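Participant:
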Amino acid sequence: KRGKEVFRVSSAQEDMMQMEQNAKIFSMIFVMISVISLLVGGIVIMNIMLASIKERTREIGVRIAVGARRFDIFIQFLVQTVLVTGLGGVLGIVLGCAILDLVGKYLKMPMVANPSMIMTALLVSVGVGLVFGIAPAIKAGNLDPVVALREE
455 KRGKEVFRVS SAQEDMMQME QNAKIFSMIF VMISVISLLV GGIVIMNIML
505 ASIKERTREI GVRIAVGARR FDIFIQFLVQ TVLVTGLGGV LGIVLGCAIL
555 DLVGKYLKMP MVANPSMIMT ALLVSVGVGL VFGIAPAIKA GNLDPVVALR
605 EE
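Residue numbers for the sequence shown follow this note's numbering, so the first one is 455 and each next one is one higher.
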């Protein structure tokens with residue numbers, strides 16, 4: 455070999471293959487970041503619900519003492535978690551669509567949100583609430599009413 459390589463000649467097919475490979479790498483990185491974000495968000499939701507249960511321990515004890523079944527308490531907290539995450543998902547979708555609209559106006563190119571992606575986002579947000587809300591809901595449902603009523 456003589457000297458330095460100044461330029462490289464490639465075919466359009468090679469360029470397309472390289473672009474596809476780069477797109478796959480970008481997609482994998484995006485998926486990994488998304489999964490980590492969902493896990494962190496789920497853990498935050500779980501901690502918030504555990505704090506809520508701690509604050510409402512006496513209320514839970516009173517409800518059990520006057521006849522609420524443990525399953526009722528479990529369902530109450532699970533539904534509360536799913537509603538909070540579902541509302542967060544809806545707000546995220548609205549914000550995302552607004553940003554998409556702004557970007558479209560800036561680029562002078564119409565951009566439309568994919569309805570299946572919107573449904574997927576909503577289902578994922580509700581699913582995260584369901585998965586990460588189970589442990590706190592079980593804890594709330596298993597509180598001992600005598601101990602709970604002693605809490606101040």
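Positions of the beta carbon are idealized from the N, C-alpha and C atoms, including for glycine.
Note that the coordinates shown come from a computational prediction; the quantities given were computed from them, not determined experimentally.
Mapping the DSSP letters down to three states, classify Ala522 as helix, strand or coil.
Facilitator: If you number the sequence shown from 1, residue 522 lands on position 68. Note: Ala522 maps to coil in three-state DSSP.
Participant: Among Val582, Ile518 and Asp555, whose alpha-carbon lies nearest the alpha-carbon of Ile490?
Facilitator: In the sequence shown, the residue the question calls residue 490 occupies position 36. Residue Val582 is the option with its Cα nearest to Ile490.
Participant: Can you list, in chain order, the residues of its chain with a C-beta nearer than 7 Å to that of Gly542? Leave out the 5 residues immediately preceding and following it.
Facilitator: To locate residue 542, count along the sequence shown from 1; it is residue 88. Excluding residues within five positions, the ones whose Cβ falls inside 7 Å are Ser579.
Participant: Heavy atom of the ligand SAH less than 8 Å from the Cβ of Thr574, yes or no?
Facilitator: Of the ligands one can find in the structure shown there are none, so the ligand SAH has no counterpart to examine.
Participant: Is Ile499 near Gly587, with beta carbons less than 9 Å apart?
Facilitator: The residue you call residue 499 lines up with position 45 of the sequence shown. The residue you call residue 587 lines up with position 133 of the sequence shown. Contact: yes.
Participant: With the cut-off set at 9 Å, would you say Gly515 and Ala602 are in Cβ contact?
Facilitator: The count along the sequence shown starts at 1 and reaches residue 515 at position 61. The count along the sequence shown starts at 1 and reaches residue 602 at position 148. It is a contact, given that the beta carbons lie within the stated cut-off.
Participant: Can you tell me the Cβ-Cβ gap for Ile507 and Arg517, rounded? I've got them flagged as a contact below 8 Å.
Facilitator: Taking the first residue of the sequence shown as position 1, residue 507 is located at position 53. Taking the first residue of the sequence shown as position 1, residue 517 is located at position 63. With 8 Å as the limit, Ile507 and Arg517 do not qualify as a contact, their Cβ atoms being about 12 Å apart.
Participant: Which residue from Gly558, Arg604 and Val536 puts its Cα closest to that of Ile502?
Facilitator: To locate residue 502, count along the sequence shown from 1; it is residue 48. Closest option to Ile502, Cα to Cα, is Val536.
Participant: Please classify Phe461: does DSSP put it in a helix, a strand, or coil?
Facilitator: Taking the first residue of the sequence shown as 1, we reach residue 461 at position 7. Here Phe461 sits in coil by DSSP.
Participant: Which residue marks the beginning of the alpha helix (DSSP H) containing Ser492, and which one marks its end?
Facilitator: Against the sequence shown, residue 492 aligns to sequence position 38. Contrary to the premise, residue 492 reads as Leu rather than Ser in this sequence. That run of the alpha helix (DSSP H) goes Ala466 to Glu509.
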